[in-house]
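So the protein sequences, as listed, match chains A and B.
Under the working numbering, the first residue of the first sequence is numbered 25, with each subsequent residue one higher.
Under the working numbering, the first residue of the second sequence is numbered 25, with each subsequent residue one higher.
Beta carbons: idealized from backbone N, C-alpha and C, even for Gly.
Heads up: the structure comes next, in structure tokens.
2 protein chains.
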Amino acid sequence: MKLVQADLLHRQIALVLAAWGMDKDQVETTARVMVDTDLRGVDSHGISMVPVYAEWLKRGWLKLPAPITVVSETPAIAVVDAAHGLGHAPSVKAMELAIAKAKSIGLAAAAVRNSTHYGAAGYYPRLAAAAGLMGWCVTNGQSKWVLPTFGAEPRFGTNPIAFAAPAKAQPPFVLDMATTTVAVGKIRNAAIERRAIPEGWATDAKGAPTTDAETAYNGGTATPLGGTPERSSHKGYGLAIMVEILSSLLSGGTACPLSPRVTPDGHALDNGHFMLVVDPKAFRPEGGFPGELDQLMTSLRQTRPIDPKQPVLVAGDKEEKSAKERAKAGIPVPPGLLAEVKKSCEAAGAQFLLG
Amino acid sequence: MKLVQADLLHRQIALVLAAWGMDKDQVETTARVMVDTDLRGVDSHGISMVPVYAEWLKRGWLKLPAPITVVSETPAIAVVDAAHGLGHAPSVKAMELAIAKAKSIGLAAAAVRNSTHYGAAGYYPRLAAAAGLMGWCVTNGQSKWVLPTFGAEPRFGTNPIAFAAPAKAQPPFVLDMATTTVAVGKIRNAAIERRAIPEGWATDAKGAPTTDAETAYNGGTATPLGGTPERSSHKGYGLAIMVEILSSLLSGGTACPLSPRVTPDGHALDNGHFMLVVDPKAFRPEGGFPGELDQLMTSLRQTRPIDPKQPVLVAGDKEEKSAKERAKAGIPVPPGLLAEVKKSCEAAGAQFLLG
Numbered sequence: 025m026k027l028v029q030a031d032l033l034h035r036q037i038a039l040v041l042a043a044w045g046m047d048k049d050q051v052e053t054t055a056r057v058m059v060d061t062d063l064r065g066v067d068s069h070g071i072s073m074v075p076v077y078a079e080w081l082k083r084g085w086l087k088l089p090a091p092i093t094v095v096s097e098t099p100a101i102a103v104v105d106a107a108h109g110l111g112h113a114p115s116v117k118a119m120e121l122a123i124a125k126a127k128s129i130g131l132a133a134a135a136v137r138n139s140t141h142y143g144a145a146g147y148y149p150r151l152a153a154a155a156g157l158m159g160w161c162v163t164n165g166q167s168k169w170v171l172p173t174f175g176a177e178p179r180f181g182t183n184p185i186a187f188a189a190p191a192k193a194q195p196p197f198v199l200d201m202a203t204t205t206v207a208v209g210k211i212r213n214a215a216i217e218r219r220a221i222p223e224g225w226a227t228d229a230k231g232a233p234t235t236d237a238e239t240a241y242n243g244g245t246a247t248p249l250g251g252t253p254e255r256s257s258h259k260g261y262g263l264a265i266m267v268e269i270l271s272s273l274l275s276g277g278t279a280c281p282l283s284p285r286v287t288p289d290g291h292a293l294d295n296g297h298f299m300l301v302v303d304p305k306a307f308r309p310e311g312g313f314p315g316e317l318d319q320l321m322t323s324l325r326q327t328r329p330i331d332p333k334q335p336v337l338v339a340g341d342k343e344e345k346s347a348k349e350r351a352k353a354g355i356p357v358p359p360g361l362l363a364e365v366k367k368s369c370e371a372a373g374a375q376f377l378l379g
Numbered sequence: 025m026k027l028v029q030a031d032l033l034h035r036q037i038a039l040v041l042a043a044w045g046m047d048k049d050q051v052e053t054t055a056r057v058m059v060d061t062d063l064r065g066v067d068s069h070g071i072s073m074v075p076v077y078a079e080w081l082k083r084g085w086l087k088l089p090a091p092i093t094v095v096s097e098t099p100a101i102a103v104v105d106a107a108h109g110l111g112h113a114p115s116v117k118a119m120e121l122a123i124a125k126a127k128s129i130g131l132a133a134a135a136v137r138n139s140t141h142y143g144a145a146g147y148y149p150r151l152a153a154a155a156g157l158m159g160w161c162v163t164n165g166q167s168k169w170v171l172p173t174f175g176a177e178p179r180f181g182t183n184p185i186a187f188a189a190p191a192k193a194q195p196p197f198v199l200d201m202a203t204t205t206v207a208v209g210k211i212r213n214a215a216i217e218r219r220a221i222p223e224g225w226a227t228d229a230k231g232a233p234t235t236d237a238e239t240a241y242n243g244g245t246a247t248p249l250g251g252t253p254e255r256s257s258h259k260g261y262g263l264a265i266m267v268e269i270l271s272s273l274l275s276g277g278t279a280c281p282l283s284p285r286v287t288p289d290g291h292a293l294d295n296g297h298f299m300l301v302v303d304p305k306a307f308r309p310e311g312g313f314p315g316e317l318d319q320l321m322t323s324l325r326q327t328r329p330i331d332p333k334q335p336v337l338v339a340g341d342k343e344e345k346s347a348k349e350r351a352k353a354g355i356p357v358p359p360g361l362l363a364e365v366k367k368s369c370e371a372a373g374a375q376f377l378l379g
């Protein structure tokens, strides 16, 4: 497994993005978001997306260049159009607008329309937390992987929810979760390794529960969080539709369940994103919020564990640990991915730096 | 099973609340919220709470009268103090403030501090939906029932999330869910009936999974949504802490994990609530949002079902059906509860109307 230092990975991603024709002012931002994701151990959403984006460009699902437009703006709200480019830079723009507005009036929201993939949802609320504010971000998926409770066919994506809140001495609380039981990547990995998966993760093509990863990955579906009706999969399903409403209907995009199962070549993907920022000081001018969040998180970590070797964690702990480790040791890039990135570089006419 | 018409139940609840010394202007609102909850089939949060509230009053966990104060207010934000009374009326006040503000600037939020129980969370966002707006409401619980993933002791309550969005021709989308796998009431009911519960619902006193309802209910815990670590209970746990942060830390209350396991007699409960309202027209002035939500919900209901006898539902469908049926047939009040309500009436010096 090759270990690549973050700054080299950044340069490599930036070269590819520029070669694809991305607007210059978006290249650095996009590379920064993608490398940050890899640093935090979310391997499914960083450098590993380069070959996927290359394929999308070829199909016309993703357009570059894609100038970012602020469509409308009030003291409390902004709507940003991503022109069917990658979602990272327009989402940073939207979150920055929401942060500035929330600092002024206490809370603000921003929507991004006509977007595609924006990487890991957790990046954007962390920008708010870094500014001392709470942030949310949700996005709808475009790959129909998930079925409604009692349904036999997938209708929506893994529709993640991310939330971050600022602490005082500690890193922020950062929740970043798909509204499915597990990420589709976990089912895929089990299929590749021919491992069985736990009951409740996935179904076969008819919507019946399966523990066979290959059956699930090839034509099956992922379950909403909860897993089965008796374990309240309607809750994961309900959260996913809440995310869908905020991401697509509110921004003026098309809801995933109302779009075709596979996007035709030449038609751009149509993801929407929604961000919200709230200033704790607007509620508590005395400023006690961040210090109490430290206390709350410390107290949760001190919960008596079932197994002393596995202490209780708080959302964001795992990613924070990964970021520290990988900043030193480098980011692992497996050989298969390395070969694919090389191919993407060659096809785009970008120098390959990871040889 | 006695069937009680909604207006009679309203009068009964109002008599008890008034006899307890509740401020006159809060009695009608509180009774309305409680009866609405019973109409919608959420039997755990309406009339069945009367004997519970009576016990809390006796212990000093709940104070009446409890004048509502708006502690601070800006064009975007309100903070309401509930003076340790019941949470229904101050929460309606907070939501009404947020609705008025959101109509003016596009979005707004309100927090309620020093509150206790406020019934079913879904009532409050439905007020926003009735005004053509989207609403959220969350609250922290005060009964430590739920353990963090990998933990062996319960640290927080069932911390529900509610969200409603306005449709055009259809009732709104209404999600109202505890962040646990199932409500504690379901475990209690199984214990009473000596039925086994599915794996993943609950644990014993040491945090180990159990399917024995009595073991779970007497000293055990409820699991965060997901149920077990391998089925991503860290997601339900993460959502619950997000709710905790918004409800207690933001409003200036005490986070449940930082308070004693059992509230001492004489000390009021310390629940906090958080509400958010967003106007879809602030993002889409052309007004396409509600009609598209109709389409989205219809399309989801038309998903091919696994079993044709169990069609796919949308969040809120079950409660809407119950409300229609119970408005005609009346609200079922089981004999045990009826006897307890009678006792509460007698103790408070209120007339018993349900004989």
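Which residues of chain A have a Cβ atom closer than 7 Å to the Cβ of residue i, listed in chain order?
i, result
"residue 256(B)", "205, 206, 249"
"residue 172(B)", "324, 327, 336"
If you measure from the beta carbon of residue i to each beta carbon in chain A, is any gap under 8 Å?
i, result
"residue 8(B)", "Because chain B spans 25 through 379 in this model, residue 8(B) falls outside it and cannot be assessed."
"residue 345(B)", "no"
"residue 355(B)", "no"
"residue 364(B)", "no"
"residue 175(B)", "yes"
"residue 350(B)", "no"
Please report whether the beta-carbon of residue i lies at a distance below 8 Å from any beta-carbon of chain B.
i, result
"residue 219(A)", "no"
"residue 98(A)", "yes"
"residue 144(A)", "no"
"residue 408(A)", "Chain A is shown only over 25 to 379; residue 408(A) falls outside these bounds and no answer can be derived."
"residue 92(A)", "no"
"residue 359(A)", "no"
"residue 71(A)", "no"
"residue 306(A)", "yes"
"residue 64(A)", "no"
"residue 179(A)", "yes"
"residue 103(A)", "yes"
Of the choices the options, whose alpha-carbon is the least far from that of residue i?
i, options, result
"residue 183(B)", "196(B), 166(B), 59(B)", "166(B)"
"residue 253(B)", "262(A), 206(A), 363(A)", "206(A)"
"residue 43(B)", "372(B), 354(B), 116(B)", "372(B)"
"residue 57(A)", "88(A), 114(A), 25(A), 81(A)", "114(A)"
"residue 326(B)", "101(A), 171(A), 50(A)", "171(A)"
"residue 255(B)", "248(A), 258(A), 200(A)", "248(A)"
"residue 285(B)", "168(B), 123(B), 35(B)", "168(B)"
"residue 52(A)", "63(A), 40(A), 82(A)", "40(A)"
"residue 177(A)", "240(A), 119(A), 72(A), 162(A)", "240(A)"
"residue 382(B)", "274(A), 149(A), 288(A), 290(A)", "This structure cannot speak to residue 382(B), because chain B is shown only from 25 to 379."
"residue 180(B)", "263(B), 376(B), 157(B)", "263(B)"
"residue 74(B)", "212(B), 38(B), 226(B)", "38(B)"
If you follow the alpha helix (DSSP H) that residue i is in, where does it begin and where does it stop?
i, result
"residue 31(A)", "30 to 43"
"residue 83(B)", "74 to 83"
"residue 369(B)", "359 to 372"
"residue 121(B)", "112 to 129"
"residue 265(A)", "257 to 268"
"residue 239(A)", "237 to 241"
"residue 346(A)", "341 to 353"
"residue 154(A)", "147 to 154"
List the residues of chain B that residue i touches, going by C-beta distances under 7 Å, in chain order.
i, result
"residue 201(A)", "259, 262"
"residue 266(A)", "187, 199"
Which residue marks the beginning of the beta strand (DSSP E) containing residue i, and which one marks its end?
i, result
"residue 60(B)", "Where residue 60(B) is concerned, there is no enclosing beta strand (DSSP E), although the alpha helix (DSSP H) it sits in stretches over 48 to 63."
"residue 318(A)", "Per DSSP, residue 318(A) belongs to no beta strand (DSSP E); it is in the alpha helix (DSSP H), 313 to 325."
"residue 186(A)", "185 to 189"
Which chain A residues are close to residue i, counting only those with a beta carbon under 9 Å from its beta carbon?
i, result
"residue 150(B)", "By Cβ distance, chain A contributes nothing, its closest Cβ being about 14 Å from residue 150(B), past 9 Å."
Residues of chain B with CB under 8 Å from residue i, in chain order?
i, result
"residue 301(A)", "Ordered by position in chain B, no residue passes the 8 Å Cβ test against residue 301(A), which lies about 11 Å from the chain."
Practice task
Compile a chain-ordered list of the residues in the stretch 211 to 243 of chain B whose CB is closer than 8 Å to at least one CB of chain A.
Solution key: 222, 224, 225, 230, 231, 232
Exercise for the section: Could you name the residues of the stretch 110 to 134 of chain B whose beta carbon sits closer than 8 Å to any beta carbon of chain A, in the order they occur along the chain? Expected result: 129, 130, 131, 132, 133
Handout entry: Interfacial residues, the stretch 273 to 298 of chain A to chain B, with Cβ spacing under 7 Å
Key = 273, 274, 275, 276, 279, 281, 282
Practice task
Residues of the stretch 311 to 338 of chain A with a CB closer than 8 Å to any CB of chain B: list them in chain order, please.
Solution key: 312, 313, 316, 317, 319, 320, 323, 324, 327, 328, 329, 330, 331, 334, 335, 336, 337, 338
Problem - Proximal residues, the stretch 33 to 46 of chain B versus chain A, C-beta separation under 7 Å - result: none
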